[in-house]
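Taken in sequence, the protein lines are chains A and B. At position 260 of the first sequence (counting the first as 1) the number is 260 in full-length UniProt numbering, and the numbers step up by one without a gap. At position 146 of the second sequence (counting the first as 1) the number is 146 in full-length UniProt numbering, and the numbers step up by one without a gap. C-beta atoms are modelled at their ideal positions from N, C-alpha and C, and glycine is treated no differently. Heads up, the thing below is written out as structure tokens.
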Amino acid sequence: VYQVFESVAKKYDVMNDSMTLGIHRVWKDILMHKMNPSPGTLLLDVAGGTGDIAFRFINYVRSVREHQLQRKLKHHQNLSWQEIFESYQKDKFNSLGDSQVVVCDINREMLKVGKQKAQYLGYSEGLSWVLGNAEELPFDNAKFDVYTIAFGIRNVTRIDLALQEAYRVLKPGGRFLCLEFSHVSNPLLSRLYDLYSFQVIPVLGEVIAGDWKSYQYLVESIRRFPPQEELKAMIEDAGFFKVDYENLNFGIVAIHSGFKL
Amino acid sequence: VRCQHYPPLRALQASAALRRASDEHKKEPLTSSSQQHFDSPPAGHQPEQEPQGPRPSYTGQGGQESEDYESEEQLQHRILTAALEFVPEHGWTAEAIAEGAKTLGLSVAAAGMFHSDGSELILHFLSECNTKLSELLEKEQKLVQLGKAEKKPIDEFLRHAVEARLRMLIPYIEKWPQALSVLLLPRNIPSSLNLLTSMIDDIWHYAGDQSTDFNWYTRRAVLTGIYNTTELVMMQDSSPDFEDTWRFLKNRVADAMTMSNTASQVQSTGEAVVQGLMGAAVTVSNAETSRAVR
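Here is the structure:
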């Protein structure tokens, strides 16, 4: 698994765009909307190498915070301009509202690409990058409000261990969110999808990234991955409650959600 | 072979442990009446959640198991109740629910269990109000039965019940128009209608079978109309202690009483209900626009 991603790291984002025809952005946006994080949330993004989820989180929290501040200012109608200016300044230094995201990945190359992206896009505060294994996270118990793993869990050898680790590092009340390729139930769509996956994607892999094998592996790992209900049962086994899943695009992708109660 | 068992039978480990911890806080350290053994230290705020493996096992606790057990629903109720405190500040939103979860020692992410528009919070509040009203009316009925209080005439009883129920809105009245508009969403209409009709039924139940001129549907419709219109008047009322609203209520109930004597009673009831709904739609939309402008 490690070697696959080493070669894939640099071209990861480009490949994502071409494989999914750009829809992966929409999927990740939907995930963020479902999370609906409030300022002050601590997020752990596992296998989030290039930072897509992390950046979206920061954007979301920033805009929520802005709305909060606007609402607060509206209530302070009778303050002098000086007071308003001062309170705005004070809050501006806390534009994230103490929210933080830790990006954890098993692969150093992916983290490197992520850090470069962050610099390039101008994300500085509220981000940390940690090297770690999803089956054995280097974090203490009950640390995080939300744990996400987007398109990473199918690459984990022992999914049950990863789920147990997720349970461990979440605070009580914390949420587990998993975005992953899943099982398409519609037979017509399923055939088209198979065709696309096995014929088109490895070719794209060869053309864009110069790597047929890795993308062949990718497509096969998607097929081997447990379907929605089975993953839901595994999440429940790890101790999560209110486990549910939402199919996106008829099951090409599914978001599973569970709470540590 | 995977064991397919239904989750709700498992106790909620985290929340149960949290409540134990806060209960322990309240109990004296020397009390021996508590037969529960904890590994967590008695002092300090939140004891670290010791992961007991994927399946929490309380078999060691024996008979105490039923005290620790809390279903998801009960936990959700507790979160929503705690969230009500934050409604005046944050409105009927996921933010209020997040704050409520925080006071219970849970992560703010727990608010993700509920819809982001606050529907569940509002419905929860409504059902709590209805329960409180039932208890109040039950208590008063007992007093009458014991001869400790006078039985009220029907119009006074209705006035009293509706006023008592509407007064429960007072702490949240600023954000109540927002709640009303959320309740009008198609998704919420079945539940909100259900709660409304059961409340009206309750009031008539405790009012007793006094009025003989009304048939059952008319009674329901009339009181629903009175309640809804009074509620809307209350939203716009700025008089001290809402005395304008109670005066309006008195007049409507008086109207209803005289209406029962006329033959056109059913027709005018229908008209009143339609007018009430139209007024409702106009008022709510005005309230929303004025709120948006503000």
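query: Option nearest A:Asn36 by Cα separation, candidates A:Ile53, A:Gly205 and A:Ile23; result: A:Ile53
query: Opposing strand residues paired with B:Glu231 [DSSP bridges]; result: Answer is none; B:Glu231 lacks a bridge partner.
query: Distance between B:Asp202 and B:Glu150 (C-alpha atoms, nearest Å); result: 20 Å
query: Cβ pair A:Ile222, A:Arg168 closer than 8 Å; result: no
query: Positions along the segment 31-47 of chain A whose CB lies within less than 8 Å of some CB in chain B; result: Lys34, Met35, Asn36, Pro37, Ser38, Gly40 and Thr41
query: Residue-chain proximity (A:Pro172, chain B), Cβ-Cβ < 8 Å; result: yes
query: Between the CA atoms of B:Arg252 and A:Leu248 - distance to the nearest angstrom; result: 52 Å
query: Length of the line joining the Cα atoms of A:Phe144 and A:Gly132; result: 16 Å
query: One or two residues paired with A:Thr148 in a DSSP bridge; result: A:Asp45 and A:Leu177
query: Local conformation of A:Leu131 per DSSP, three classes; result: strand
query: Rounded separation between B:Ala43 and B:Leu80 - CA only; result: Interpretation of B:Ala43 is limited by its pLDDT of 40, a score under 50 that renders its predicted location unreliable; no figure is taken from the coordinates.
query: Span of the beta strand (DSSP E), counted from its first residue to its last, around A:Phe241; result: Phe241 to Leu248
query: For B:Pro129: DSSP bridge partner residues; result: Note on residue identity: the sequence assigns Cys, not Pro, to residue 129 of chain B. According to DSSP, which records beta bridges pairwise, B:Cys129 is partnered with nothing at all.
query: Under the three-state DSSP convention, the category B:Pro153 falls into; result: coil
query: CB contact check: A:Asp211 to chain B, cutoff 8 Å; result: no
query: Beta-carbon gap between A:Leu179 and A:Ala150 smaller than 8 Å; result: yes
query: A:Ala142 beta carbon less than 8 Å from that of A:Pro187; result: no
query: Which of helix, strand or coil DSSP assigns to A:Ile255; result: strand
query: Buried versus exposed, by CB contacts within 10 Å (16 or more), A:Leu21; result: exposed
query: Distance between B:His77 and A:Thr157 (C-alpha atoms, nearest Å); result: 38 Å
query: Minimum Cβ-Cβ distance from A:Arg175 to chain B less than 8 Å; result: yes
query: Nearest to B:Pro177 (by Cα), restricted to the options B:Ser290, B:Val284 and B:Leu223; result: B:Val284
query: Buried or exposed (CB count within 10 angstroms, at least 16 for buried), B:Cys3; result: Residue confidence is low: B:Cys3 scores 44 on pLDDT, short of 50, so the model does not pin down where it sits. Its coordinate-derived value is still stated next. Looking at its Cβ environment, which holds fewer than 16 other Cβ atoms inside 10 Å, B:Cys3 is exposed.
query: Contacting positions in the segment 230-253 of chain A - beta carbon closer than 7 Å to chain B; result: Ala233, Glu236, Asp237, Ala238, Gly239, Phe241 and Lys242
query: Cα-Cα separation between B:Val108 and A:Phe57, rounded to whole angstroms; result: 15 Å
query: Whole-number beta carbon distance between B:Gly270 and B:Thr229, since they are thought to touch under 8 Å; result: Actually they do not touch by this definition, with Cβ atoms about 15 Å apart.
query: Which listed residue (B:Met113, B:Glu89, B:Glu99 and B:Gly91) has its alpha carbon closest to that of A:Val243; result: B:Met113
query: Which of helix, strand or coil DSSP assigns to residue 262 of chain A; result: Only positions 1 to 261 of chain A appear in this structure, which leaves residue 262 of chain A out of reach.
query: Residue from B:Ala110, B:Asp117 and B:Val162 with nearest C-alpha to B:Asn130; result: B:Val162
query: Short CB-CB distance (under 8 Å) between A:Asp98 and chain B; result: no
query: B:Val108 at chain A interface by Cβ criterion, 8 Å; result: yes
query: Per-residue DSSP class, three states only, for B:Asn188; result: coil
query: Host beta strand (DSSP E) of A:Val26 (start-end); result: Looking at the DSSP string, A:Val26 is not in any beta strand (DSSP E); the run it does join, the alpha helix (DSSP H), is Ile23 to Met35.
query: Where B:Trp216 falls, given that 16 or more other Cβ within 10 Å makes a residue buried; result: exposed
query: Counterpart residues of residue 264 of chain A in DSSP-defined beta bridges; result: The requested residue 264 of chain A is not part of the displayed model; chain A covers only 1 to 261.
query: Chain-order list of residues whose beta-carbon lies under 7 Å from that of A:Arg224 (same chain, five-residue window excluded); result: none
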